Amino acid sequence: DLSSMNTYAAVAGTPVSELEKGLHDESTAEEGCTEGLISGAIFEPAYMKRIKKEKREWVRTRVPGFDELIENGIPEGSNIIIAGGPGSGKTLFCLHTIYNIASRGKDCVYLSMEERPERLKDHMLSFGFNIKEIGRTEHEIHLKANDKGKISLKRLQPIQLARSVEALLEEASGTLPIKVDMVLDFIPKGFHPYMLVLDSISAVETAFSGTRRQYRIYIEQLFRYFERLNLTTFIISESLEAPKRFSVTGVEEFLADGIIVFYNFPGHVERVRGVEVYKLRGTSHVRKIVPMEITDKGIIVYPDAPPLKMVF
21 DLSSMNTYAA
31 VAGTPVSELE
41 KGLHDESTAE
51 EGCTEGLISG
61 AIFEPAYMKR
71 IKKEKREWVR
81 TRVPGFDELI
91 ENGIPEGSNI
101 IIAGGPGSGK
111 TLFCLHTIYN
121 IASRGKDCVY
131 LSMEERPERL
141 KDHMLSFGFN
151 IKEIGRTEHE
161 IHLKANDKGK
171 ISLKRLQPIQ
181 LARSVEALLE
191 EASGTLPIKV
201 DMVLDFIPKG
211 FHPYMLVLDS
221 ISAVETAFSG
231 TRRQYRIYIE
241 QLFRYFERLN
251 LTTFIISESL
261 EAPKRFSVTG
271 VEEFLADGII
281 VFYNFPGHVE
291 RVRGVEVYKL
301 RGTSHVRKIV
311 PMEITDKGII
321 VYPDAPPLKM
331 VF
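Count along the sequence shown from 1, add 20, and you get the number used in my numbering.
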């Protein structure tokens with residue numbers, strides 16, 4: 021609400037109008053540009069020191085063919101938008117990635133606002149993923165992948181996320197007497213996740229009751245929270261088949277470290293699937309749409325194939 025915005029602006033020492041201007045000018049913002057963002061309370065130097073590592077590490081999805089699109093891998097701790105239309109493979113790509121990571125002994129969390137955990141589990145089983153259920157609650161299922169790392173599939177109501185972001189604002193203003201990590205209990209007890217998936221940012225916007233500019237400030241705080249956790253985060257976003265924008269408002273793209281886009285567009289005879297690393301800070305990547313397919317074992321990407329061209 022408006023009081024939350026004013027609280028945030030007071031903490032940052034910046035009027036709301038200037039904060040919004042600094043957050044986002046979609047027509048002129050350039051990739052990697054942080055002018056207007058790194059002032060006041062948006063980036064706190066002490067907090068950045070806490071999450072900074074001396075040696076950069078890289079995340080490999082191990083989805084067949086995909087990692088060849090990126091020189092080193094995804095920089096650990098990045099916020100990555102996974103965009104695409106319905107049926108393009110976004111959810112499967114995220115599930116395939118966390119399964120591969122968990123199979124190497126690292127925990128992962130999948131927060132869904134749209135799918136029940138049971139359906140996500142069945143989806144994984146249908147592709148032959150070697151998972152075993154080790155526990156469940158009303159809104160959560162815990163799995164083990166190849167008897168190694170754990171996966172938490174958790175149902176989250178969008179209103180829970182909105183209230184938690186409000187708690188971030190209150191903590192920043194000093195009016196919240198407890199640590200915000202106690203309020204943001206998205207991470208199951210006993211989990212030490214290496215990767216988190218949020219499905220989806222579109223559901224957050226749909227449930228948001230404030231104005232568009234309030235939503236932008238809330239989303240900025242959400243991204244900053246993920247940075248505080250130092251998690252590599254995949255954030256699913258619904259988009260059109262041939263999008264000019266890959267997220268709800270465009271501000272998400274400006275804040276994200278990377279954008280991976282999945283396509284399912286008409287070909288001459290049948291629909292064609294493709295994937296593109298549209299943007300990724302911190303490493304070089306292939307700049308073309310490459311073909312991919314969904315098999316009974318999951319996703320396969322063909323990085324050396326000729327680039328795809330959309331046919332409409």
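Glycine included, every Cβ here is placed at the ideal spot set by N, Cα and C.
All values reported here derive from a predicted model rather than from experimental measurement.
For M215, the enclosing beta strand (DSSP E) stretches over residues 213-219. With respect to Y214, I319 sits apart: the two C-beta atoms are not nearer than 8 Å. Here DSSP, grouped into helix, strand and coil, assigns H162 to strand. Look at K209 here: in three-state DSSP terms it is coil, with no helix or strand label. Of all alpha-carbon atoms in I314, Y322, P323, the one lying nearest the alpha-carbon of H143 is that of I314.
Residue range 151-157 is occupied by the beta strand (DSSP E) that includes R156.
The alpha carbon of D277 has as its nearest neighbour, out of G302, V292, E296, W78, the alpha carbon of G302. Per the coordinates, the alpha-carbon of H116 lies some 26 Å from the alpha-carbon of G287. Beta-carbon to beta-carbon, V289 and R236 are separated by about 42 Å, too far to satisfy the 8 Å threshold. When C-alpha distances from F282 are compared across T269, E296, F274, the shortest belongs to E296. Using a Cβ distance threshold of 8 Å, H159 and K174 count as a contacting pair. Relative to the Cα of V310, the nearest Cα in the group Y298, F274, L131 belongs to Y298. With contact defined as three or more Cβ pairs closer than 8 Å, the region 128-147 and the region 84-100 are not in contact.
Looking at the backbone, the Cα of S123 and that of R82 are separated by about 11 Å. A Cβ-Cβ distance of about 5 Å is found for the pair V321 and M312, placing them in contact under the 8 Å criterion.
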